[in-house]
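Enquirer:
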Amino acid sequence: MALASALLKRYAIARLAGVSWSSTTPGFTRDERTTKPIWRDPLTGAQPVSFNVSHQAGIVALVAAADYPVPGRAEAVQVGVDVVCTSERRDRDQELIRKEGWGSFVDMHADVFAVGETSYLKYQVLSAVPGLVPRDNQGGPPTPEQVADGKLRAFYALWALREAYVKLTGEALLAEWLGELEFRPTPAWDMPAVETKEGEEEGEDAQVLRKFEIRFRGKKVEDVNMCLRSMGPDYMVATAIRTPEDPNIGLGWRLGPYEILALDDVLSFAESAV
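Take any residue in the sequence shown, count from 1 to its spot, add 749: that is its number in the working numbering.
1. Which of the three DSSP states, helix, strand or coil, is assigned to Phe961?
2. Less than 7 Å between the CB of Gly928 and some heavy atom of the ligand NAD, yes or no?
3. Using alpha carbons as the reference points, say which of Pro996, Tyr1007 and Val864 lies closest to Thr988.
4. What number of angstroms, rounded off, separates the C-alpha of Thr778 from the C-alpha of Lys960?
5. For Ala913, does the three-state DSSP call read helix, strand or coil?
6. Thinking Glu866 and Leu907 are a contact (beta carbons under 8 Å), I'd like their distance in whole angstroms, please.
7. What residue range does the alpha helix (DSSP H) around Asp842 cover?
8. Specify, as a first and last residue, the run of the beta strand (DSSP E) that Ala813 falls within.
9. Any idea what DSSP makes of Ala955, helix, strand or coil?
10. Could you tell me whether the Cβ atoms of Ala877 and Pro820 are closer together than 8 Å?
11. Rank Gly928, Thr773, Leu901 and Asp790 by C-alpha distance to the C-alpha of Phe854 and give the top, closest one.
12. Buried or exposed: where does Ile846 fall if 16 or more other Cβ atoms within 10 Å of its Cβ makes it buried?
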């Protein structure tokens, strides 16, 4: 996936910055303060595109912003993205839950969640999200595996949201303040991005969530625009964006949908943008 990630970054730079494919190579570096990967125009030193990349189980997700605050510059935009696959480690996760229990499974990962999030996942998630675990076709009770699948979907949804936020800041999931960041379930967050049903259109609440209550060190975060999007039954993508100089700009941007590209699409563009 490293190759696909590298190609997609070059695709975004060439397309959004309007430069040739060959000229994208020398500009990749890291931000001096956050160490986030960035691209600077070798001729001007400008940063025309702000981007972030994540990959998981065969999918590479990239979010990018260009031409803000002025055309040709994008250093005033912070972006973060994370893609998760609920089925990639399903057998391992299910086995751990069978042997150790759901509470122990959550506790194994407690160092990357806030205390309130850990409590929510362990004790409240099923009652807070009534439709998270579907009943069978006859209306009977769900199996233990179905219950675990529902809990795991909520777990990975929260994981993706947190990581997208952390990547927006330029930190890693081992940031010292990680336990002070908390996503609190709200009435708008009534379903952790369940899979898209046949016939559903982009924007329906069943596959796209946009309203979250975020707390950092006890204070409500009101300058970050976030979106959690389902990509079929197995994948979810969380996107975060912030414009620190004028938060209302970023808060007003509509996040999504993603453009779906095959590797051949990227290679064809590369050949035409030499």
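Beta carbons are placed, not taken as given, at the ideal position from N, Cα and C, and that holds for glycine.
Expert: Well, looking at it:
1. coil
2. This structure lacks the ligand NAD; in fact it carries no ligand of any kind.
3. Tyr1007
4. 34 Å
5. helix
6. 6 Å
7. Arg839 to Glu849
8. Ile808 to Ala815
9. Residue confidence for Ala955 is low, a pLDDT of 46 falling below 50, so the modelled location carries little weight and cannot support an answer.
10. no
11. Leu901
12. buried
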